[in-house]
Amino acid sequence: MISHRNLLALQGIPSQQDIMSLDNIMNSGCSVRRFFREDLQAVAGQGYCLMPEWICQSMVESVYAANWQPLFYPVLSPEQASMILQADIQAMMAMLNSLPQPCAILLAHPLGYIDPGCREFLREIQSNHNIYVFLDLSQGYGRKECLQELPHVHAAYYSFNGNKLLSTGGALRLRLTNREHIPAAVRNILTAFYTAAEEKFAVLRKHLQSHFIEDDIHNVSLYASYQSSPYRTVLNWEKCSPSLQTLLKHQGLVQPLLANPRQEKAYSSLNYHQWCEKVMLMFSSPRVEWSQ
């Protein structure tokens with residue numbers, strides 16, 4: 000399992016004193032969901048927590064485990080959004096205004112892309128200290144470090160489990176609330192994330208080049224300016240030629256957006272289902288289980 004001590008060692012910080020001085024802002028653990036549960040419990044014994052409607056079920060279970068109640072905010076439609084699954088900030092604010100405080104909200108960057116709405120939301124609620132904001136960067140860490148967001152959330156989470164950008168196991172929590180200075184050790188870790196993303200982008204490009212489809216993928220890729228990680232690449236499926244669609248499916252390079260990402264009774268919004276119809280998601284490398 001990866002730990003922040005291992006990451007620091009890789010960045011040339013051997014001093015145990017340096018490591019211990021960071022323990023109040025940087026913690027390693029087994030999973031993001033465990034960190035999230037602990038942080039909610041530290042806020043209050045119970046409450047309401049807003050979450051993205053596309054969030055995975057394991058994060059929802061963390062809310063229940065903390066004796067909190069999850070509520071789900073919608074995404075913008077493809078016509079309204081600047082990038083994939085962009086959060087509907089106005090809907091979020093309306094939901095928050097109706098909740099008893101203290102309450103919590105989980106922001107998350109989806110599918111390897113950075114949602115510009117997160118920064119806008121943080122500006123709007125920065126004066127309300129009874130709204131506890133947490134940021135899940137598990138899918139988004141990589142090229143974009145989100146340094147302007149980190150001081151304005153109560154905790155930010157990074158996962159190294161499953162098929163994330165780094166898949167060495169475990170998770171990292173950063174707590175940089177109201178810090179004007181970002182420690183060099185944290186910047187070094189973010190640089191390591193950047194390097195990992197660049198390496199995986201290069202591997203993906205090499206694979207696409209070997210099949211002479213790099214230009215084809217470039218032409219059908221969406222929201223490239225917001226892409227931080229090759230965790231997924233969003234493709235406009237309608238614009239893919241039949242031969243390209245067949246090749247991508249045969250190689251196990253693509254999957255659809257999950258129609259029902261959660262096991263909750265509430266259905267996903269119409270806007271979410273419009274995304275399901277519009278896009279296909281390309282992996283950073285082929286997966287046998289998705290080959291057709």
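For the sequence shown, position 247 (counting from the first letter as 1) is numbered 246 according to numbering that gives the first Met the number 0, and the numbering increases by one without interruption. Virtual Cβ for every residue (Gly too), placed ideally from N, Cα, C. From a predicted model like this one, the values you see are computed outputs, not experimental measurements.
Fill in: is_contact[Ala-90, chain B] using C-beta, thresh 8 Å
As a matter of chain content, chain B is missing from the structure shown, which is built from one protein chain.
Worksheet item: In this structure, what does DSSP give as the bridge partners for Leu-49?
Response: Partner residues in the beta bridge of Leu-49, as assigned by DSSP, are Leu-70 and Ile-104.
Practice prompt. Give the secondary structure of Phe-34 by DSSP, where H, G and I count as helix, E and B as strand, and everything else as coil.
Written response: Looking at Phe-34 - three-state DSSP - the assignment turns out to be helix.
Discussion item. Quick check on Lys-238: buried or exposed, where buried means 16 or more other Cβ atoms within 10 Å of its Cβ?
Written reply: Lys-238 is exposed by the Cβ-count criterion.
Worksheet item: Enumerated in chain order, which unbroken segments of the beta strand (DSSP E) with a length of 3 residues or greater are wholly contained in the stretch 106-163?
Response: For the beta strand (DSSP E) assignment, the uninterrupted runs of no fewer than 3 residues enclosed by the stretch 106-163 are, from N- to C-terminal side, 130-135 and 154-158.
Worksheet entry | Ala-196 beta carbon less than 8 Å from that of Arg-142 | Yes, the Cβ-Cβ distance between Arg-142 and Ala-196 is below 8 Å.
Discussion item. Within a Cβ cutoff of 8 Å, which residues of the same chain sit near Gln-125, ignoring the five residues on either side of it in sequence?
Written reply: Correct list, in chain order: His-151.
Item to complete: Kindly give me the distance between the Cβ atoms of Met-58 and Leu-171, rounded to whole angstroms, as I take these residues to be in contact under 8 Å.
Response: Wrong, their Cβ atoms sit about 16 Å apart, outside the cutoff.
Practice prompt. Return yes when the Cβ of Leu-105 is within less than 8 Å of the Cβ of Leu-49, no when it is not.
Written response: The answer is yes: Cβ separation under 8 Å.
Worksheet item: When the Cα of Asp-38 is compared with those of Asn-187, Ala-223, Phe-133 and Ser-166, which residue comes out closest?
Response: Comparing Cα-Cα distances from Asp-38 to each of Asn-187, Ala-223, Phe-133 and Ser-166, the minimum goes to Phe-133.
Fill in: Residues that DSSP places opposite Met-279 in a beta bridge
For Met-279, which the question treats as bridged, DSSP gives the partners Leu-234 and Pro-255.
Worksheet item: Helix or strand or just coil, what does DSSP make of Gln-85?
Response: In the structure shown, Gln-85 sits in coil (DSSP, three-state: anything other than H, G, I, E or B).
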